[in-house]
Amino acid sequence: MSYHNETRQIDYQPMGMMKKTSIKEWLNESTRLLAEQSELASLEARVILCHVLDKPREWLVTHPDFELDDHQTEKANQMIVRIQTGEPLPYLIGKQAFYGLDFKVTPDVLIPRPETELLIEECITWLEEHPDRRKMADIGTGSGAIAITLADRFEDLQVTAIDISGKALDVARQNAQLLNVDSHIVFIKNDLLDNIFDSFDLIAANLPYIPSEKLITLQVARYEPLLALDGGQDGLVIIKRLLHQAREHLKPGGMILLEIEEGQSESVQKLVDALMPGVANSILIDLANHPRFLKIMV
């Protein structure tokens with residue numbers, strides 16, 4: 019089955035609120051509307067208004083009676099409608115917070131998730147324990163969240179950020195420039211580690227891992243890039259390819275960290291045993307106590 023991202027024409031309708039409305043009134047009504055589908059309705063409403071008004075959240079709190087003009091109200095209302103249709107908020111405002119940094123995001127890149135911050139923490143711990151290990155590859159870099167966050171934390175880290183999507187790399191490069199770490203990240207358009215002749219101390223990757231048949235049932239597939247989501251029939255097609263390549267690209271004593279889907283831990287460990295016999299591997303759980311990461315030590 020083939021997939022494609024559709025261009026959706028949305029007929030924006032007013033939310034039933036007056037054109038002239040205060041911040042407090044707009045937030046109350048928007049929160050009520052978003053609460054039907056989001057547990058973070060109040061937060062999302064505030065993020066929208068901060069974006070439209072170009073003001074920090076603290077300003078909204080101290081100016082509850084500030085009156086929105088017609089243009090501001092219409093723009094904010096349209097964003098509410100788009101969220102109600104399922105469009106992700108980060109794409110609407112063009113950014114997403116990740117590990118204390120703001121990343122530019124577009125529909126060409128996967129939106130960074132809080133779960134991936136645990137991968138960052140594991141990498142930080144390992145890099146702090148191995149100060150002589152400073153060569154890293156981020157495979158499937160997308161927005162650059164992993165590569166850039168670690169480059170920001172470790173000024174002496176040399177990062178190679180790889181993605182098969184040229185458009186994703188454009189976004190990642192912009193993020194690296196915005197966050198002033200572009201001097202020690204090399205971005206390469208490539209399919210995993212094919213024709214890469216370098217070796218690394220640390221390889222991190224958040225690759226597509228959702229099984230194709232499952233993916234078509236998920237809301238995330240409507241808006242986020244399928245190239246970053248579709249892991250093939252069993253969700254492990256791309257991960258298997260990377261594991262097949264990884265051993266010859268990982269320096270002795272190095273580490274690999276891969277994000278996986280819940281339910282894949284047994285299968286992915288069998289892949290490691292088959293493709294990288296003799297290496298130590300373990301599964302790390304996330305804050306919800308779900309298997310989330312594969313850790314390989316060579």
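Everything in the sequence shown is counted per this note's numbering, starting at 19 for the first residue and increasing by one. Every residue gets a Cβ at the ideal spot worked out from N, C-alpha and C, and that includes glycine.
Complete runs of the beta strand (DSSP E) confined to the stretch 171-231 [at least 3 residues]:
176-181, 203-207 and 218-223
I need the DSSP call for R310, collapsed to helix, strand or coil.
Position 292 of the sequence shown, counting from 1, holds the residue named residue 310. R310: strand per DSSP, three-state reduction.
How about I182 and D156: are their beta carbons less than 8 angstroms apart?
The residue labelled residue 182 in the question sits at position 164 within the sequence shown. The residue labelled residue 156 in the question sits at position 138 within the sequence shown. Taking 8 angstroms as the Cβ cut-off, I182 and D156 do not qualify as a contacting pair.
M97: first and last residue of the uninterrupted beta strand (DSSP E) it sits in:
For this step, residue 97 is matched to residue 79 along the sequence shown. Note, M97: premise wrong, no beta strand (DSSP E); alpha helix (DSSP H) at D88 to Q102.
What is the residue span of the beta strand (DSSP E) that S300 lies within?
Taking the first residue of the sequence shown as position 1, residue 300 is located at position 282. Element bounds for S300: A298 to I303.
Taking the alpha-carbon positions, what's the V316 to P295 distance?
In the sequence shown, counting from the first residue as 1, residue 316 sits at position 298. In the sequence shown, counting from the first residue as 1, residue 295 sits at position 277. Whole-angstrom Cα-Cα distance: 10 angstroms.
For my contact list, T167 and L119 are in at a C-beta cut-off of 8 angstroms; report their separation, rounded to the angstrom.
For this step, residue 167 is matched to residue 149 along the sequence shown. For this step, residue 119 is matched to residue 101 along the sequence shown. Their Cβ separation, rounded to whole angstroms, is 6 angstroms, which keeps T167 and L119 in contact under 8 angstroms.
Determine which residues share a DSSP beta bridge with T39 and list them.
Residue numbering aside, residue 39 sits at position 21 when the sequence shown is read from its first letter. DSSP output for T39 lists L86 as bridge partner(s).
In whole angstroms, what separates the C-alpha of K93 from that of L71?
For the purposes of this step, residue 93 is taken as the residue at position 75 of the sequence shown. For the purposes of this step, residue 71 is taken as the residue at position 53 of the sequence shown. Looking at the two C-alpha atoms, the distance is approximately 10 angstroms.
Quick one: what's got a C-beta closer than 7 angstroms to N193's C-beta in the same chain, skipping five residues either side?
As a first step, residue 193 must be located in the sequence shown, where it is residue number 175. Answer for N193: F121, K122, S161, G162 and I166, listed in chain order.
Going by Cα to Cα distance, which pick from I221, C68 and E173 is closest to I180?
Position 162 of the sequence shown, counted from the first residue, corresponds to residue 180. Comparing Cα positions, the closest option is I221.
H22 (DSSP reduced to helix, strand or coil)
Counting from one through the sequence shown, the residue named residue 22 turns up at place 4. The predicted model places H22 with a pLDDT of 37, which falls under 50 and marks its position as unreliable; any figure quoted below should be read in that light. In the structure shown, H22 sits in coil (DSSP, three-state: anything other than H, G, I, E or B).
Segment contact, 8 angstroms Cβ cut-off, at least three pairs: the stretch 124-135 with the stretch 79-86:
no
Whole-angstrom distance between I98 and W77, CA atom to CA atom:
Along the sequence shown, one-based indexing puts residue 77 at 59. Along the sequence shown, one-based indexing puts residue 98 at 80. Straight-line Cα distance between these residues: approximately 21 angstroms.
Compare the C-alpha of K288 against each of P270, L254, E266 and E54 and name the closest.
Taking the sequence shown and counting its residues from 1, one reaches residue 288 at position 270. Of P270, L254, E266 and E54, the residue nearest in Cα terms is L254.
Using the beta-carbon count (16 or more within 10 Å), is A264 buried or exposed?
Stepping through the sequence shown from its first residue, residue 264 is reached at position 246. Flag for A264 reads buried.
Within 10 Å of its beta-carbon, does E242 have 16 or more other beta-carbons around it, so buried, or fewer, so exposed?
Taking the sequence shown and counting its residues from 1, one reaches residue 242 at position 224. Buried.
Going by alpha carbons, who is nearest to A223 out of I314, L275 and K258?
Residue numbering aside, residue 223 sits at position 205 when the sequence shown is read from its first letter. That would be L275, whose Cα lies nearest to the Cα of A223.
From D188, P149, L268 and I234, pick the residue whose C-alpha is nearest to that of I214; which is it?
If you number the sequence shown from 1, residue 214 lands on position 196. Selected option, being the one with the closest Cα: L268.
Complete runs of the alpha helix (DSSP H) confined to the stretch 242-278 [at least 4 residues]
Under the rule that a run must span 4 or more residues, the alpha helix (DSSP H) segments found entirely inside the stretch 242-278 read 255-264.
So, I301 versus L312, is the Cβ gap smaller than 8 angstroms?
The residue you call residue 301 lines up with position 283 of the sequence shown. The residue you call residue 312 lines up with position 294 of the sequence shown. Yes; because the gap between Cβ atoms is below 8 angstroms, this pair is in contact.
Identify every residue that forms a DSSP beta bridge with M6.
Nothing about residue 6 can be read from this structure; the chain reaches only from 19 to 316.
How about H14 and I111: are their beta carbons less than 8 angstroms apart?
With the chain covering only 19 through 316, there is no way to say anything about residue 14.
Quick check on the DSSP output: the alpha helix (DSSP H) that includes A136 runs from which residue to which?
As a first step, residue 136 must be located in the sequence shown, where it is residue number 118. First, the amino acid is wrong: residue 136 is Leu here, not Ala. According to the DSSP assignment, L136 belongs to the alpha helix (DSSP H) that extends over T134 to E147.
Close beta carbons around W144, own chain, < 6 angstroms, minus the five adjacent residues each side
Translated into positions along the sequence shown, residue 144 becomes position 126. Within the same chain, W144 has close Cβ partners M273.
Quick one: residues in its chain with C-beta nearer than 8 angstroms to the C-beta of Q237, no 5 flanking neighbours on either side, listed in chain order?
Mapped onto the sequence shown, residue 237 falls at position 219. Within the same chain, Q237 has close Cβ partners G104.
K73 - DSSP class collapsed to helix/strand/coil
Residue 73 sits at position 55 when you count from the first residue of the sequence shown. DSSP places K73 in coil when its eight states are reduced to three.
Along the chain, where does the beta strand (DSSP E) that runs through I157 open and close?
What you label residue 157 is simply residue 139 of the sequence shown in a count that begins at 1. Residues K153 to I157.
L119 in three-state terms, based on DSSP
Against the sequence shown, residue 119 aligns to sequence position 101. L119 falls in the strand class under three-state DSSP.
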